[in-house]
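**Student:**
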Amino acid sequence: MNGGSTSASPPGQWSADELMHGKAGDVSPPTSPNGSATPGGQKKRFSMKAMRSPAKKSTDPLDWGMPGHLTKEEVDVFMKFRDEVEKRGGEFKSTVYSFSLIEGEAYCLTRWLRARKFVYDDVIAMVEEATEVRADARKHEFYPDPVSALGCGPSLFMHCYPQLYPGKAKNGCPIFISKPGVLNTDAMECITSLDGILKFHWHVMMHDYKQRLMEHKKAHPDFCNFQTVTVIDLEHLSTSQLSKRALSIVKTQTAIDSVCFPETMNRTLVINAPRFFSMTWGIIKGWIDPRTASKIELISSRKTWEARLRELCDEDEIPSDYGGKGPATTSALEKEYAPEGVLQEHFQLVHVGSSGHYNVAVPAGSEMEVTVWSRSVNEVIVSIVDENVKSKVFVGGVTFTHTGGTGDNDKPSSLLLTKERIVGPAKTKIKFESKAGRFSSAGNYFVSCSMFEKK
6 MNGGSTSASP PGQWSADELM HGKAGDVSPP TSPNGSATPG GQKKRFSMKA MRSPAKKSTD
66 PLDWGMPGHL TKEEVDVFMK FRDEVEKRGG EFKSTVYSFS LIEGEAYCLT RWLRARKFVY
126 DDVIAMVEEA TEVRADARKH EFYPDPVSAL GCGPSLFMHC YPQLYPGKAK NGCPIFISKP
186 GVLNTDAMEC ITSLDGILKF HWHVMMHDYK QRLMEHKKAH PDFCNFQTVT VIDLEHLSTS
246 QLSKRALSIV KTQTAIDSVC FPETMNRTLV INAPRFFSMT WGIIKGWIDP RTASKIELIS
306 SRKTWEARLR ELCDEDEIPS DYGGKGPATT SALEKEYAPE GVLQEHFQLV HVGSSGHYNV
366 AVPAGSEMEV TVWSRSVNEV IVSIVDENVK SKVFVGGVTF THTGGTGDND KPSSLLLTKE
426 RIVGPAKTKI KFESKAGRFS SAGNYFVSCS MFEKK
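Under the numbering used here, think of the first position of the sequence shown as 6, with each following residue one higher.
(1) So is Gly9 buried or exposed if we call it buried at 16+ other beta carbons inside 10 Å?
(2) Applying the 10 Å Cβ sphere with the 16-neighbour rule, what's the burial state of Met284?
(3) Do you know how far the Cα of Pro151 is from the Cα of Ala142?
(4) Take Asp415 and list the residues in its own chain whose beta-carbon comes closer than 8 angstroms to its own, dropping the five residues that flank it on each side.
(5) Pull the bridge partners of Pro179 from the DSSP assignment, please.
(6) Along the beta strand (DSSP E) that carries Asp391, what are the first and last residues, could you check?
(7) Buried or exposed: Arg250, going by 16 or more other Cβ atoms within 10 Å of its Cβ?
(8) Do Glu322 and Arg313 have their CB atoms nearer than 8 angstroms?
(9) For the pair the stretch 329-341 and the stretch 416-428, tell me if three or more CB-CB distances fall below 8 angstroms.
(10) Put Cys165 into one of helix, strand or coil per three-state DSSP.
(11) In chain order, what are the residue ranges of uninterrupted alpha helix (DSSP H) at least 4 long that sit wholly in the stretch 193-280?
(12) Short of 6 angstroms in beta carbon distance, which residues of its chain neighbour Cys454, apart from the five on each side in sequence? Order them along the chain.
(13) Between the stretch 175-184 and the stretch 118-136, are three or more C-beta pairs nearer than 8 angstroms?
(14) Nearest by alpha-carbon distance to Phe147: which of Lys122, Phe104, Ser183 is it?
(15) Around the Cβ of Leu161, are there at least 16 other Cβ atoms within 10 angstroms (buried) or fewer (exposed)?
(16) Look up Pro324 in the DSSP assignment and give the residues it is bridged to.
(17) Nearest-angstrom Cα distance between Lys440 and Glu311?
(18) Give me, in chain order, the residues of the same chain whose beta-carbon lies closer than 6 angstroms to that of Phe451; leave out the 5 immediate sequence neighbours on both sides.
(19) Taking DSSP's pairing of strands, which residues face Met456 in a bridge?
(20) Going by DSSP, what residues sit across from Thr404 in a beta bridge?
(21) Comparing alpha-carbon positions, which option in Asp65, Lys434, Leu188, Met71 lies nearest Gln246?
(22) If Pro267 and Ala120 are in contact, beta carbons under 8 angstroms, what's the gap, nearest whole angstrom?
(23) Of the residues Glu240, Phe457, Ile389, Phe405, which one's Cα is nearest the Cα of Val347?
(24) In terms of alpha-carbon separation, which member of Lys436, Gln349, Val398 lies closest to Ser359?
(25) Please report how far the alpha carbon of Thr273 lies from the alpha carbon of Gly331, in whole angstroms.
(26) Does the stretch 214-222 come within contact of the stretch 82-96, defined as at least 3 CB pairs closer than 8 angstroms?
Following this line, the structure appears as structure tokens:
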């Protein structure tokens with residue numbers, strides 16, 4: 006069971022001398038992504054003798070607080086923290102080792118220590134806060150079923166806010182691509198709630214991301230860099246998209262990560278940034294400590310960020326729409342999140358004033374299911390007719406309205422329109438008619454069309 010009590014001792018304890026100077030024959034996460042790497046994604050250390058030489062001590066800010074680079078004072082804090090974790094055990098220890106003991110004691114504990122700059126009392130307070138933050142999710146085993154967590158299929162969520170792990174960087178870290186520039190908050194509001202997004206993020210971190218790390222660790226035992234190389238794609242981002250709800254969605258995810266999964270950012274590339282964001286970043290960067298700032302690169306030129314991605318990742322691990330040879334992000338998301346038996350999905354947000362519609366073609370050899378989602382309390386009549394022969398009706402007029410609450414954490418309503426699937430070939434028109442009158446605005450409705458093989 007994920008996140009359960011951690012009673013065993015973590016493998017590979019490091020001595021005080023090793024924490025300061027490194028282990029003989031050990032490997033560690035590369036601080037610079039431009040060097041050579043072992044098949045497991047790690048670069049070889051110098052020998053202990055060389056590492057003890059003051060002339061060889063790294064001054065790279067990314068080495069600060071890493072095993073093999075600690076000061077005597079930091080080692081003292083490490084040992085005190087290690088003893089406290091073992092003494093408390095239980096949920097306190099489970100919180101610290103959220104990615105399991107396989108991460109290794111030295112690398113896991115220093116993640117937490119770096120997050121609070123080796124101030125012991127602050128580290129303990131952070132773990133206690135994280136234990137409290139994750140307590141409710143822990144009771145639900147961190148939501149192993151993503152559909153139950155979200156209240157809808159993950160493919161709908163990914164259409165509204167594309168996020169994926171397409172491969173691994175040269176240092177072994179998972180690559181994470183997020184596209185807040187195309188985040189559709191109106192559509193998201195139709196299909197899930199902030200509470201659903203929170204639960205789904207727990208699912209991703211504890212059942213998806215964690216599993217990727219563990220699988221890579223098993224294949225490459227020397228891998229110990231439980232972090233991500235992140236790409237934040239701001240293409241199409243506009244000031245109008247920075248709504249309160251959009252920021253709430255991003256904040257919901259980052260709030261968990263910052264407290265419960267500290268120091269999991271290896272490197273972040275912010276690409277396709279519009280001018281207004283670039284200007285703002287210049288101010289924000291001055292507020293961030295140099296070590297964190299050195300991990301974040303803002304690159305607007307496609308030629309430049311493609312080249313930078315190839316420095317960090319092999320081409321086969323980079324999606325084709327990001328200059329690599331891997332599957333495009335759209336096809337990768339479809340493959341990973343399409344429900345079982347579904348050949349293809351079509352999604353559309355329909356804004357209904359007095360009326361609205363969405364046209365969908367059903368290919369020969371396929372049959373289609375149609376579901377409508379909304380949190381609009383205004384009644385609409387939904388029907389599905391032939392696009393060209395309006396007298397041909399697939400689904401007669403069905404009344405639909407949201408029956409729940411309208412708060413951020415209230416679940417939206419959904420309705421399966423097709424009691425019987427529509428068999429192709431067919432050109433369909435999904436029609437919405439407001440019952441409130443010609444000059445009214447019924448609201449937003451999200452349409453999900455799933456194609457299955459014809460039985």
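The beta-carbon is built from N, C-alpha and C at its ideal position, and this holds for glycine as well.
**Tutor:** By the coordinates alone:
(1) Bear in mind that a pLDDT of 47 at Gly9, under 50, signals an unreliable position, so the number given afterwards is only what the model happens to contain. Exposed, by the Cβ-count rule.
(2) Met284 comes out exposed.
(3) Their Cα atoms are separated by approximately 13 angstroms.
(4) Answer for Asp415: Ser198, Arg380, Gly409, listed in chain order.
(5) Bridge partners of Pro179 according to DSSP: Lys173.
(6) If you look at Asp391, you'll find it in the beta strand (DSSP E) that goes 385-391.
(7) Burial is judged here by how many other beta carbons sit within 10 angstroms of a residue's own beta carbon; Arg250 has fewer than 16 and is exposed.
(8) 8 angstroms or more divides the Cβ of Glu322 from the Cβ of Arg313.
(9) Judged by Cβ distances under 8 angstroms, the stretch 329-341 makes no contact with the stretch 416-428, as fewer than three pairs qualify.
(10) Three-state result, Cys165: helix.
(11) Secondary structure within the stretch 193-280: the alpha helix (DSSP H) runs of 4 or more consecutive residues, fully enclosed, are 199-208, 215-224, 249-265 (chain order).
(12) Excluding five sequence positions before and after Cys454, the CB atoms of its chain that fall closer than 6 angstroms to its own CB belong to His351, Val365, Met373, Val375, given in chain order.
(13) Output reads no: the stretch 118-136 does not touch the stretch 175-184.
(14) Residue Phe104 is the option with its Cα nearest to Phe147.
(15) Result: buried.
(16) In the DSSP assignment, the residues bridged to Pro324 are Gly331.
(17) Cα-Cα distance, rounded: 51 angstroms.
(18) Excluding its 5 nearest sequence neighbours in each direction, Phe451 has C-beta neighbours in its own chain below 6 angstroms: Ala192, Cys195, Ile196, Leu354, Trp378, listed in chain order.
(19) In the DSSP output, where bridge partners are listed per residue, Met456 has Gln349, Met373.
(20) Paired residues: Ile386.
(21) Residue Leu188 is the option with its Cα nearest to Gln246.
(22) The beta-carbon distance between Pro267 and Ala120, rounded to whole angstroms, is 4 angstroms. This is short enough to meet the 8 angstroms contact definition.
(23) Considering only alpha carbons, the answer is Phe457.
(24) The shortest CA-to-CA distance from Ser359 to any of Lys436, Gln349, Val398 is the one to Lys436.
(25) Straight across, the Cα-Cα distance linking Thr273 with Gly331 is about 20 angstroms.
(26) As far as the Cβ criterion goes, the stretch 214-222 does not touch the stretch 82-96, which means the pair count is below three.
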